[in-house]
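Q:
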Amino acid sequence: MTPLLILGVGRMGGAMIEGWRRAGTFVPSEIFIRDPNPGEADIHGMRLNPPDGELGACRTVLLAVKPQVWREAAAQVSPHLSPDAVIVSIAAGVASADIAAAFGGLRVARVMPTTAVAINQGTASVCAADPQARARAHALFDPLGRVVEIADEDLMHAATAVSGSGPAYLYAFTEALEAAAVAQGLGPDAAATLARSTLTGAAALMASGDTPPADLRRQVTSPGGTTQAALEVLLGQGGLEALLDKAVAAAVARSRELG
Ligand SMILES: NC(=O)c1ccc[n+]([C@@H]2O[C@H](COP(=O)([O-])OP(=O)(O)OC[C@H]3O[C@@H](n4cnc5c(N)ncnc54)[C@H](OP(=O)(O)O)[C@@H]3O)[C@@H](O)[C@H]2O)c1
């Protein structure tokens, strides 16, 4: 599957490179990068901006530029790629058929990753009709965390809304819990440590076994206790469930617009 050509090494391309380095997935010299202005990733030993004539050797192309510029990035390299190359795109909302057309009919897999690929705890939703493209996406993302296959491409909007955007929901929740802690009189340092450490510890506990979150919640909620008092607010009318339903629907709608 190498050489691997990465188009765009910004936040997400850089996070993937970090994850592959940790996992020892690639020899750096097997990675070619096309980016006029690569971000802060450690690309030591990789081939930066090789000439067009070398692109024909690339077996896999990772399309990792912003959706707004993907057509331009595709047009720059497409004439120089081998007909055997496979495209793996992480561009949010850009349909496989459009990508295949822009790359002269090459096989395509779409993936929606999360930034935790940088620490090999990412989540990647993979959608590919072509088995070889799907296998290529697995080879790229299996070392970076969990992979979920999405059979129906239309559901990539939902995967984007739940998973691609999901880390921001947790960060927003953490910020809100910190603010509530400060409102109850705790100092900012204590508020930050209590909120962050409690949530990351609870998430680690959830990840350490198979107990569903509803059961974990019941285990820490005594009838008539403090947690129950809070949950009656959080899970009551117009609470977390209704809010997340609205938030995820808004993200799905936006993903459809961008596509
Ligand atoms: N960030 C996330 O959490 C996330 C999550 C899931 C999916 N994604 C997807 O990942 C993709 C990349 O997002 P990002 O946040 O990593 O964007 P980013 O930080 O802007 O990185 C994109 C990189 O591509 C470069 N670039 C621009 N035009 C190019 C061209 N024609 N050829 C090659 N490189 C070019 C940019 O350079 P300049 O800075 O000079 O423009 C930049 O270094 C997007 O399609 C997004 O939908 C992102």
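The opening position of the sequence shown corresponds to residue 1 in my numbering, with each subsequent residue numbered one higher. All C-beta atoms in this analysis are idealised placements derived from N, C-alpha and C, irrespective of residue type, glycine included.
Going by the DSSP bridge assignment, what does R107 pair with across the sheet?
A: On the sequence shown, position 107 is the one that residue 107 refers to. V86, per the DSSP bridge assignment.
Q: Quick one: what's got a C-beta closer than 6 Å to R146's C-beta in the same chain, skipping five residues either side?
A: In the sequence shown, counting from the first residue as 1, residue 146 sits at position 146. Closer than 6 Å at Cβ, skipping near neighbours: T123.
Q: Mark P3 as exposed unless 16 or more other C-beta atoms lie within 10 angstroms of its C-beta, in which case mark it buried.
A: Translated into the one-based positions of the sequence shown, residue 3 becomes position 3. Looking at its Cβ environment, which holds 16 or more other Cβ atoms inside 10 Å, P3 is buried.
Q: For G53, count the other beta carbons within 10 Å of its own beta carbon; 16 or more makes it buried, fewer makes it exposed. Which is it?
A: On the sequence shown, position 53 is the one that residue 53 refers to. Exposed: under 16 other Cβ atoms inside 10 Å.
Q: Can we count G10 as close to ligand 1, meaning its CB is less than 7 Å from some heavy atom?
A: For this step, residue 10 is matched to residue 10 along the sequence shown. The answer is yes for G10.
Q: Starting from P115, follow the beta strand (DSSP E) in both directions and report where the run begins and ends.
A: Looking up residue 115 in the sequence shown gives position 115. The identity of residue 115 in the sequence shown is Thr, whereas the question assumes Pro. Per DSSP, T115 belongs to no beta strand (DSSP E) and is neither H nor E.
Q: Among P50, V108, A159, which has the Cα closest to the Cα of H80?
A: As a working mapping, residue 80 is identified with position 80 in the sequence shown. Nearest option by C-alpha distance: P50.
Q: Can you tell me whether DSSP reads F32 as helix, strand or coil?
A: Here residue 32 corresponds to residue number 32 of the sequence shown, with the count starting at 1. If DSSP states are grouped into helix, strand and coil, F32 belongs with the strands.
Q: Tell me whether R34, by its Cβ, gets closer than 7 Å to a heavy atom of ligand 1.
A: Here the question's residue 34 lines up with position 34 in the sequence shown. Because some heavy atom of ligand 1 lies under 7 Å away, the Cβ of R34 counts as near it: yes.
Q: Can you give me the C-alpha to C-alpha distance between V69 and V220, rounded to a whole angstrom?
A: Mapped onto the sequence shown, residue 69 falls at position 69. Mapped onto the sequence shown, residue 220 falls at position 220. When rounded, the distance between both Cα atoms is 48 Å.
Q: Hey, is Q121 close to ligand 1, as in C-beta under 7 Å from one of its heavy atoms?
A: By one-based count along the sequence shown, residue 121 stands at place 121. No; taking the cut-off as 7 Å, the Cβ of Q121 has no heavy atom of ligand 1 nearer than that.
Q: Are T25 and P212 closer than 8 Å when you measure CB to CB?
A: Walking along the sequence shown from the start, residue 25 turns up at place 25. Walking along the sequence shown from the start, residue 212 turns up at place 212. Against a cut-off of 8 Å, the Cβ pair of P212 and T25 comes out as no contact.
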